[in-house]
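Visitor:
2 protein chains.
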Amino acid sequence: MSHENLPVMELEEDDFDLGARLKALRFMAGLSQRELAKRAGVSNAVISLIEQNKSSPSVGVLKKVLAGIPVSVSDFFSEELVTREKVFFRSEELTEIGSGQISYKQLGKDLRGKELQILHEHLQPGADTGETLLRHESVEAGVVIRGSIEVTVGDQRKVLHAGDAFYFDSRIPHRWRNVGEDVVEIVSATTPPSF
Amino acid sequence: MSHENLPVMELEEDDFDLGARLKALRFMAGLSQRELAKRAGVSNAVISLIEQNKSSPSVGVLKKVLAGIPVSVSDFFSEELVTREKVFFRSEELTEIGSGQISYKQLGKDLRGKELQILHEHLQPGADTGETLLRHESVEAGVVIRGSIEVTVGDQRKVLHAGDAFYFDSRIPHRWRNVGEDVVEIVSATTPPSF
DNA sequence: TTAGTCTGTTAAGTATTCTAAACGCCTCTT
DNA sequence: AAGAGGCGTTTAGAATACTTAACAGACTAA
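Listed in order, the protein sequences are those of chains A and B.
1 is the number of the first residue of the first sequence in our numbering; add one for each residue after it.
1001 is the number of the first residue of the second sequence in our numbering; add one for each residue after it.
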């Protein structure tokens, strides 16, 4: 008697979208609803209904379904895997922090708290980081995509070409010079971020 | 055929004893079945049946019940993992380099002690990191140099083009697929090295 | 005792999930 | 065109979860 007979359209409760999460995991596993159903030992209809949030599966069935992916129930509900952080960046979204001859395109704006700094660099012919001894307590590495560039790290000097790579401790004084006639393109990573 | 109706005693499958776990948590909260039922907005019978593993609650009901303790669903299933020591590792957690269609060129040979892992990757058309959900405890980021590639990270999916970039926690299941007709070239960094 | 009130369990009926089968749509092959 | 086979969705009915209400035991107080 004490029951409001609301149509059960909105099974969705708090923040967690069970259907969408299952769908995402199924897709990542490269499975169709039927394939997953077969692996899990359930009918394909239940997969469809769950993904549409038209039914709230019993824990037993959910377990079977997740075992077919496979993913553990605890991982499924684990919040850290549902993070809505920004993951993809269009090339226009990379923030330009360089000036003049050297273009530094960086992933994200505020890197505090982050562990990696990724730079997509373009150095014009003649570009030179100068004689200043760059020093920061971090590790730096990367790959030359295009062009040829002279790098000096400590007492070592070398000209890197497309496909060549580098890895060094940033505390060692280092310098970059584009001695060629073409633009040099580099992708580099630094941990922790130096600026 | 009169033996068809065996009592369904064993609803529980693998290691996880849902009923016992709920009972333990209820005791820790100092609640009776009826008290918890009242807080959760369900009948007391369902608490009793669940604790005896005589029924496998729907996720919706389980959520309500746990909210009355209160405990999150993810905690409910994950605390089990805290007590258990990590002994076995699924093959998905082990990584293989260069599986035909995908070329991973890694800086250096022995990355032990190093903080950064740089990969210069070339993915042939149709290349796919596979159905396995890659998982490793690190941070991964990089830039797409050439081509277009479909990336799935958690429940987010996107096609990245040349110049686009990415940054995510590697613990989130992710997958790469070259759905285009050209080779895809990527430079990525991982800290700490995942393999 | 006897009633009162708590505990957890159980029975019968309702509500919901799950299965099996069909539906409509699309793509590929004949 | 037509058939086969893939996909996700929908639907009627079987199986199961959930509610209501009663039950049995334990403890307390008159």
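Glycine included, every Cβ here is placed at the ideal spot set by N, Cα and C.
Note that the structure is a prediction, hence the values are computed from the model and not measured.
Using a Cβ cut-off of 9 angstroms, which residues of the region 16–27 of chain A contact any Cβ in chain B, in chain order?
Guide: If the cut-off is 9 angstroms between Cβ atoms, the region 16–27 of chain A has F16, D17, L18, A20, R21, K23, A24, L25, F27 near chain B.
Visitor: Does A/P125 come within less than 9 angstroms of chain B when only Cβ atoms are used?
Guide: So no, A/P125 is outside the interface.
Visitor: Could you check if B/H1206 is buried or exposed, using at least 16 other CB atoms within 10 Å of its CB as the buried criterion?
Guide: Outside the displayed range of chain B (1001 to 1195) lies residue 1206 of chain B, so it cannot be described from this structure.
Visitor: What does a CB cutoff of less than 7 angstroms around B/E1035 pick up in its chain, not counting 5 residues either side in sequence?
Guide: Closer than 7 angstroms at the Cβ level, and outside the excluded window around B/E1035, lies no residue.
Visitor: A/I47 versus chain B: which residues are under 9 angstroms apart at the beta carbon?
Guide: By Cβ distance, chain B contributes nothing, its closest Cβ being about 14 angstroms from A/I47, past 9 angstroms.
Visitor: Just curious, the beta strand (DSSP E) that B/A1165 is in, first and last residue?
Guide: It spans 1165–1169 - the beta strand (DSSP E) in which B/A1165 sits, taken as one unbroken run.
Visitor: From this set, A/A165, A/L22, A/S138, which residue's C-alpha is nearest A/R146's C-alpha?
Guide: Nearest of A/A165, A/L22, A/S138 to A/R146, Cα basis: A/A165.
Visitor: Determine, for A/L62, whether the minimum Cβ-Cβ distance to residues of chain B falls below 9 angstroms.
Guide: Yes, A/L62 counts as interfacial toward chain B.
Visitor: Does the Cβ of B/V1059 have 16 or more other Cβ atoms within 10 Å, making it buried, or fewer, making it exposed?
Guide: Buried.
Visitor: By the 10 Å Cβ neighbour count, where 16 or more other Cβ atoms means buried, how is B/A1024 classified, buried or exposed?
Guide: Answer is exposed; the Cβ neighbour count stays below 16.
Visitor: Is A/Q124 helix, strand or coil by DSSP?
Guide: The answer is coil: DSSP assigns A/Q124 none of H, G, I, E or B.
Visitor: Does DSSP classify B/L1134 as helix, strand or coil?
Guide: Only weak support exists for where B/L1134 lies, its pLDDT of 47 falling under 50; the value from the coordinates is given anyway. If DSSP states are grouped into helix, strand and coil, B/L1134 belongs with the strands.
Visitor: Which residues bound the alpha helix (DSSP H) around A/G60?
Guide: A/G60 -> alpha helix (DSSP H) spans 59–67.
Visitor: Checking contacts by CB at 9 angstroms: is A/I149 closer than that to chain B?
Guide: Cβ-Cβ to chain B under 9 angstroms: no for A/I149.
Visitor: Spell out whether any CB of chain B is found under 9 angstroms from the CB atom of A/S32.
Guide: It does not; no Cβ of chain B falls within 9 angstroms.
Visitor: Quick one: list the residues of chain A neighbouring B/S1056, beta-carbon separation under 8 angstroms, in chain order.
Guide: Chain A residues near B/S1056: S58, V59, G60, V61.
Visitor: Could you name the residues that DSSP lists as bridge partners for A/A200?
Guide: Outside the shown range of chain A, which is 1 to 195, sits residue 200 of chain A, and nothing can be said about it.
Visitor: On the CB-based measure, 16 or more other CB atoms within 10 Å of its CB, does B/F1142 come out buried or exposed?
Guide: The displayed chain sequence assigns Gly, not Phe, to residue 1142 of chain B. The residue is buried, with at least 16 neighbouring Cβ atoms inside 10 Å.
Visitor: Determine the contact status of A/G126 and A/N53, defining contact as a CB-CB distance below 9 angstroms.
Guide: Cβ atoms of A/G126 and A/N53: not closer than 9 angstroms.
Visitor: DSSP three-state call for A/T83: helix, strand or coil?
Guide: Annotation note: pLDDT 48 at A/T83 (below 50); position unreliable, coordinate value reported separately. Coil at A/T83, not helix or strand.
Visitor: Verify whether the separation of the beta carbon atoms of A/L123 and A/E181 is less than 9 angstroms.
Guide: Not closer than 9 angstroms, so no.
Visitor: Report the partner residues of A/E150 according to the DSSP bridge assignment.
Guide: In DSSP, A/E150 forms a bridge with A/V159, A/R177.
Visitor: Run down chain B in chain order and give the residues with a C-beta less than 7 angstroms from the C-beta of A/H122.
Guide: What A/H122 touches in chain B: nothing, since even the nearest Cβ is about 11 angstroms away.
Visitor: Can you look up B/V1071 in the DSSP assignment and give me helix, strand or coil?
Guide: Coil, per DSSP.
Visitor: Does chain A have any CB closer than 9 angstroms to the CB of B/E1051?
Guide: No, its Cβ sits nowhere closer than 9 angstroms to a Cβ of chain A.
Visitor: Taking all protein chains shown into account, decide if B/F1168 is buried (16 or more other Cβ within 10 angstroms of its Cβ) or exposed.
Guide: Looking at its Cβ environment, which holds 16 or more other Cβ atoms inside 10 Å, B/F1168 is buried.
Visitor: By alpha-carbon positions, which one of B/F1076, B/F1027, B/S1148, B/I1149 ends up nearest to B/L1018?
Guide: Nearest option by C-alpha distance: B/F1076.
Visitor: Contact check, B/L1022 vs B/E1051 under 8 angstroms by CB: the rounded distance?
Guide: 6 angstroms between Cβ atoms; contact.
Visitor: Please classify B/S1074 as buried or exposed, where buried requires at least 16 neighbouring CB atoms within 10 angstroms.
Guide: It is buried - the Cβ of B/S1074 has at least 16 other Cβ atoms within 10 Å.
Visitor: Run the CB neighbour count on A/P7, radius 10 Å, all protein chains shown included, and call it buried at 16 or more, exposed below.
Guide: With a pLDDT of only 33 at A/P7, under 50, the local geometry of the prediction cannot be trusted, and the value read off the model is given with reservation. With fewer than 16 Cβ atoms within 10 Å of its Cβ, A/P7 is classed as exposed.
Visitor: How about B/S1078 and A/S78: are their beta carbons less than 9 angstroms apart?
Guide: It is a contact, given that the beta carbons lie within the stated cut-off.
Visitor: Less than 9 angstroms between the C-beta atoms of B/R1039 and B/A1067, yes or no?
Guide: For B/R1039 and B/A1067, yes; Cβs fall inside 9 angstroms.
Visitor: When DSSP labels each residue in this structure, what does A/L119 get in the three-state scheme?
Guide: A/L119: strand per DSSP, three-state reduction.
Visitor: Closer than 8 angstroms by beta-carbon distance: list the chain B residues that pair up with A/V187, in chain order.
Guide: Per Cβ cutoff of 8 angstroms: G1142, V1143, I1145, V1187.
Visitor: Might you give, ordered along the chain, the residues of its own chain that have their beta carbon closer than 7 angstroms to the beta carbon of A/K63, omitting 5 neighbours on each side?
Guide: So the qualifying residues of the chain are V73.
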